[in-house]
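Here's the structure, in structure tokens; my notes come after.
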Amino acid sequence: MSGEERVNERHQQERGPRSERRAELAANLARVEERIAAACAAAGRHRDEVTLVVVTKTYPADDVRLLWELGVRHVAENRDQEAAGKAQACADTSLTWHFVGQLQTNKVRSVVSYADYVHSVDRVRLVTALSAAAVRQGREIGCLLQVGLEGGVPDGNGAGGGPTGGGRGGAAPGEIDRLADAVAGAQGLRLTGLMTVAPLEGPFRGRPRAAFEALGEISSRVRAVHPAATMVSAGMSGDLEDAVAAGATHVRVGTAVLGVRSRLG
């Protein structure tokens with residue numbers, strides 16, 4: 023076998039698995055698209071009211087590139103050490119990058135270098151750090167306030183809405199107005215909306231739609247003061263229908279598109 027024949031054979035072997043993975047992702051995307059479209063129809067909403075954000079954590083940059091080739095335009099990561107490399111490897115695409123994980127201030131400078139949106143803004147100290155990094159890098163970052171609903175939401179008598187917990191992060195509902203004002207007044211940032219994750223404990227445990235409806239109510243309150251904060255990021259692979267029914271504008275879907283993830287070390 024000549025050298026040229028060996029090269030051609032190697033290229034064919036490489037194309038095989040990639041072609042299979044592309045077909046797998048295409049089929050998964052089609053199923054997710056059907057679910058979103060059906061959920062929109064059931065809720066009396068137009069399909070274009072909901073943006074699919076594919077969460078690519080633990081999967082390689084080549085999967086991200088395949089998603090791009092298949093028409094995905096929004097991807098999300100939750101770990102900076104993984105996200106930074108993927109964003110650099112896919113710099114020639116026009117993907118919109120969302121950072122959805124809990125964010126420590128020592129990672130802010132790196133995250134601001136590639137993320138277009140940060141969904142996990144949950145404290146004023148983080149707002150200050152994001153603003154400084156964005157100004158330094160000449161960028162404007164869209165910020166979503168993460169609402170923690172483990173403690174419920176305050177009622178008319180002030181009950182509920184206690185400290186959050188469960189390890190999923192987020193500011194308590196009673197802290198959101200102050201946090202929104204902080205982002206709105208910070209250079210290099212723009213307040214784009216709210217985010218939550220369905221709680222695993224507390225009054226909303228096992229009730230994702232109720233949790234997402236509560237987020238929608240808080241979002242309405244925030245928009246009354248900050249009209250541009252229109253994004254409502256809620257719902258994942260297992261509960262995207264509940265999120266769409268409750269008014270989510272962005273759903274964050276990973277497993278249903280990319281497959282079951284291996285356990286992280």
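Residue numbers (the numbering used here): 23 to 287.
Where a beta carbon is used, it is the ideal one built from N, C-alpha and C, also for glycine.
message: My assumption, with CB atoms under 8 Å, is that S153 sits in contact with G215. Please give the rounded CB distance.
response: Contact doesn't hold; Cβ gap of about 18 Å is too wide.
### Helix, strand or coil at R131 according to DSSP, with G and I counted as helix
helix
Quiz item: What's the call for L213, buried or exposed, on a 16-neighbour Cβ count within 10 Å?
Solution: buried
Item to check | Residue environment, S241, which counts as buried when at least 16 other CB atoms sit within 10 Å | outcome: buried
* **C-alpha distance - V72 paired with G269, whole-angstrom precision** => 9 Å
Give the single residue among S142, E263, R243 whose Cα lies nearest to the Cα of A232.
E263
message: Could you compute how far the alpha carbon of G289 sits from the alpha carbon of G210?
response: The first residue shown for the chain is 23 and the last is 287, placing residue 289 beyond what the model contains.
| Between the C-alpha atoms of E104 and R243, what's the straight-line distance to the nearest angstrom? | 35 Å
Beta carbon of A68 nearer than 8 Å to that of H96 = Strictly speaking, residue 68 in this sequence is His, with Ala absent from that position. Cβ distance not < 8 Å, so H68 and H96 don't count as in contact.
Cβ pair A251, L171 closer than 8 Å | no
Taking DSSP's pairing of strands, which residues face I163 in a bridge? L211
I believe G164 touches Y139 by the beta-carbon criterion, under 8 Å. Please report the beta-carbon distance rounded to the nearest angstrom. 4 Å
Subject >> Under the three-state DSSP convention, the category T277 falls into >> reply: helix
**OP:** Tell me whether the beta-carbon of V146 lies closer than 8 Å to the beta-carbon of L166.
**Re:** no
Discussion item. Less than 8 Å between the beta carbons of H248 and A206, yes or no?
Written reply: yes
**Prompt:** Of all the options L88, R131, S132, which has the alpha carbon lying nearest to the alpha carbon of C112?
**Reply:** L88
Check your understanding: Who are Y139's beta bridge partners in DSSP?
Key -> H120, G164
- Message: Give me, in chain order, the residues of the same chain whose beta-carbon lies closer than 7 Å to that of R229; leave out the 5 immediate sequence neighbours on both sides.
- Response: none
| So what does S255 bridge to, in DSSP terms? | M217, H272
- Under 8 Å between C-beta atoms of G196 and T218: no
Report the start-end ranges of each alpha helix (DSSP H) in the stretch 39-122 that is 4 residues or longer and not cut off at the edges. 83-91, 102-111
Review point. How is A154 classed by DSSP in three states: helix, strand or coil?
Key: helix
**Asked** In angstroms, rounded to a whole number, what distance separates the CA positions of P39 and A60?
**Response** 32 Å
- Message: Mapping the DSSP letters down to three states, classify V282 as helix, strand or coil.
- Response: coil
With H, G and I counted as helix, E and B as strand and the rest as coil, what does DSSP make of A206? helix
Out of curiosity, what's the CA-to-CA distance linking Q126 and R200? 20 Å
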